[in-house]
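What follows is a single structure, written as structure tokens, with notes after it.
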Amino acid sequence: YAQNQWHYLPNNGFHKGYSFNDSAYRIEDVYFTSRNTGFAVTTTNRLLKTTDGGDNWAIKNDTLDFAGFRSIEFLDDAVTGIAGSLNSTGKVFRTTDRGETWLNISASITDTTTTSSKRICGLAHYGNNFYGVGWWGSDVAKFYKSTDKGVTWQTKYMDTNLATGLVEAWFVSADTGFVAGTRDNAVMPPASVILKTTDGGSTWTEVFSDTVLAGYVWKLQFVNKDVAVGAVQNLFFRDSVNMVYSKDGGNSWQVLAVGKRQPTINFGGGTQACGFATPAKGWVGGYYDGIFETADSGKTWTHLQFGYDFNRIFVIDSTLVYAGGHMPYRYGSKPTNIRQEPMGSRAPHLLYPVSPNPGKGLIRIEFELYAETNVVIKVVNIDSRKVYHVANTHLDKGKYEYRWDGSSAPAGNYFVWLGNDAIPLTQKFVLLK
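Using this note's numbering, you'd call the opening residue of the sequence shown number 701 and step up by one each time.
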């Protein structure tokens, strides 16, 4: 592979016990403390470390209970790190030896919510401070903060008029930072949101809100002090790929149209990855084939036929970038001569067609989970953009059936949105009166 192009990393220890074709496998987050030393966490309870730029990976959590990892972050000392999970019991882990061993520190975090306690979707740091947010499907968004390298923690419950579920955090100083996610409080229109604090998270103000695409702002990155970018996981217009771009340090944001994802039956959108190596050169990807690339700050885009299921893009510098999705990827100055893996998105769970369709009154929602996961079910009216909440729970592997009573809802075009810790799934149906 030529220098400064994307390529796959070899399967040397990374998928131990799993294959590239295992639909339950997904890299949730990657974090590199140097050009060669990095970490990755997966839904299948893998916490891995590489010291050779991703050519080889070692599992570092064999002695830990199942967590279902979601996020990982290190301080600038490259010694102290935090890993978060979406496990039903909200497990959080800490290392103080460069990621060689990890300790469950969940007991040090106070969280009085009962349905989404300590589930950390996103992590950030500045100085000796750690910041965490969660979780994507929560009814009450949480902001977690530690000012002593993760030893003790404070928890703040966010105003539901600002956000209900948070995915990502980024701090530009100890006090000034941003969090991103969704607002879906069943009173206001659903929206993707970005919030800003200038007092270390005590108070927050909205700097971005969009009800046209709705959904989530999924990943954030500050390229420099002025330019910031983020991915948009749409609720509406689900075949469209979009991102947000800021030129004023995150005080205002513009939605950019990236392109159209390749249609995949029953996938509910899923754009989640966004990373820029420079203010002009960057990428957007998600749970579809390929990745979109721009060289002019998002004015024009090229759909590269490379990779799939991109989730996190981690930028070292303008010459070296790592990414995770259904496998690890690298872009930059250390090519590896390995065979390419075939592309093709796979759904780790199954949402059956809605019945009856067309239908009225009680609507049957059936699905099958192939692994333990958080589940959020919404019924969305496409015509009036109204959202009906059906379920928010944590379920084990198995088949399930829910009923939604549409007798008081207007007739029209609808879809069922099944959110989970992997790829959101959808099924369309028509409601009659």
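Glycine is no exception: its CB is placed at the ideal position from the N, C-alpha and C atoms. Since this is a predicted model, take the numbers as computed values, not measurements.
Within the stretch 986-1012, the complete beta strand (DSSP E) runs of at least 3 residues fall at 989-994 and 1002-1008. For H707, the enclosing beta strand (DSSP E) stretches over residues Q705 to Y708. Exposed is the label assigned to P1053, since fewer than 16 other Cβ atoms lie within 10 Å of its Cβ.
Within the stretch 723-760, the runs of beta strand (DSSP E) at least 3 residues long that lie entirely inside it are, in chain order, 727-732, 738-742 and 747-750. In the displayed model, S1055 falls within a strand according to three-state DSSP. Classified as buried, N934 has 16 or more neighbouring CB atoms from the shown chains inside 10 Å of its CB. Secondary structure of S952 (DSSP, three-state): coil.
Apart from sequence neighbours up to five positions away, the residues of its chain that approach W836 with a beta-carbon distance below 6 angstroms are C821, G865 and V867, ordered along the chain. Of all alpha-carbon atoms in L1131, Y1102 and G900, the one lying nearest the alpha-carbon of A1111 is that of L1131.
By the Cβ-count criterion, G799 is buried, with 16 or more other Cβ atoms from all chains shown falling within 10 Å of its own Cβ. Only residues of its own chain outside the window of five on either side were considered, and among them T864 and P890 have a CB closer than 6 angstroms to the CB of D884, listed in chain order.
Taking 8 angstroms as the cut-off, the Cβ atoms of F732 and F976 do not count as close.
At least 8 angstroms separates the beta-carbon of G790 from that of G832. F843 has V833 and K856 as its beta-bridge partners, per DSSP. Counted as a single uninterrupted DSSP element, the stretch harbouring D899 is not any beta strand (DSSP E), since DSSP gives it neither H nor E.
A807 sits in a helix when the DSSP states are folded into three classes. Of the residues Q705, P710, R735 and F739, the one whose Cα lies closest to the Cα of R1012 is F739. Look at H1026 here: in three-state DSSP terms it is coil, with no helix or strand label. The C-beta distance from K842 to Y857 rounds to 6 angstroms, short enough to fall under 8 angstroms.
Inclusion of V929 and R961 in the CB contact set at 8 angstroms is not warranted, their separation being larger than that value. Using a Cβ distance threshold of 8 angstroms, L709 and R1030 count as a contacting pair. Taking V1116 as reference, the option from T814, F1010, N1057 and W983 with the minimal CA-CA separation is N1057. Counting only runs of 3 or more residues that sit fully inside the stretch 1071-1103, the beta strand (DSSP E) segments are 1073-1081 and 1086-1095, in chain order.
Residue environment analysis places R1103 among the exposed positions, since fewer than 16 neighbouring C-beta atoms fall within 10 angstroms of its C-beta. Straight across, the Cα-Cα distance linking T898 with T1073 is about 34 angstroms. A residue is called buried once 16 or more other Cβ atoms fall within 10 Å of its Cβ, and L913 is buried on that count.
By the 16-neighbour rule on beta-carbons within 10 angstroms, S1055 is exposed.
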